[in-house]
Amino acid sequence: MTPGGGVDAGEPLQEAAARELREEIGLVVSPGLLGQPVAYSCGYADVGWARGTFRDDFFVYRLDAHDVDTTGMEALERQHHAGHRWWTLDELTDSTDVIYPFGLVSLLDQIRTGGTPLQAMQLPAHH
Numbered sequence: 001m002t003p004g005g006g007v008d009a010g011e012p013l014q015e016a017a018a019r020e021l022r023e024e025i026g027l028v029v030s031p032g033l034l035g036q037p038v039a040y041s042c043g044y045a046d047v048g049w050a051r052g053t054f055r056d057d058f059f060v061y062r063l064d065a066h067d068v069d070t071t072g073m074e075a076l077e078r079q080h081h082a083g084h085r086w087w088t089l090d091e092l093t094d095s096t097d098v099i100y101p102f103g104l105v106s107l108l109d110q111i112r113t114g115g116t117p118l119q120a121m122q123l124p125a126h127h
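According to full-length UniProt numbering, the sequence shown is numbered sequentially starting from 1.
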């Protein structure tokens, strides 16, 4: 599963994404460097603390290395956090684990071989 979370009222999407990266993995990135979303998914979910229609937008940000820091996570996030690691595209492709969001692996392969899509692609809902 990718880092992510809610968008505060009036908060631009890129700023929300940058904030969530900072809170969940300790990565500080300028919102302007995230560009436009490359994909999104949308669907109904009951996640325990909230239910309704959720939309997730996905950005691509390339970096060589980053030591994940989860100290910025909220208490509820910490309760549901099972661990983290960085994956290569080959590892994702070869994995027998369920990868969320569905379609992420093929999207990343498309980006690697053909570049960033001009319009955000819709991925299947995964909640």
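We put the CB at the ideal spot given by N, CA and C, even for glycine.
Annotation note: the UniProt domain "Nudix hydrolase" (1-111) contains the following uninterrupted alpha helix (DSSP H) runs of length 4 or greater, listed N- to C-terminal: 13-25, 75-80, 89-94. For glutamine 122, the pairing in a beta bridge is given by DSSP as Tyr40.
Spanning the alpha carbons of arginine 19 and alanine 50 requires a straight line of approximately 20 Å. When the beta-carbon positions are compared, tyrosine 44 and phenylalanine 58 stay at least 8 Å from each other. Between valine 68 and isoleucine 25 a beta carbon distance of about 5 Å is seen, short of the 8 Å cut, so the two are scored as contacting.
In the structure shown, the three-state DSSP call for glycine 114 is helix. By the C-beta criterion, the stretch 28-39 is judged not to be in contact with the stretch 2-10, since fewer than 3 inter-stretch pairs fall below 8 Å.
Taking the Cα positions, leucine 104 is about 12 Å away from alanine 125.
Approximately 5 Å separates the beta-carbon atoms of leucine 89 and leucine 108; this is inside 8 Å, confirming the contact. Glutamine 14 is classed as buried because its beta carbon has at least 16 other beta carbons within 10 Å across all chains shown.
Setting aside the 5 residues that flank it on each side, arginine 22 is surrounded in the same chain by Val28, Gly72, each with a C-beta closer than 7 Å to its C-beta; the list follows chain order.
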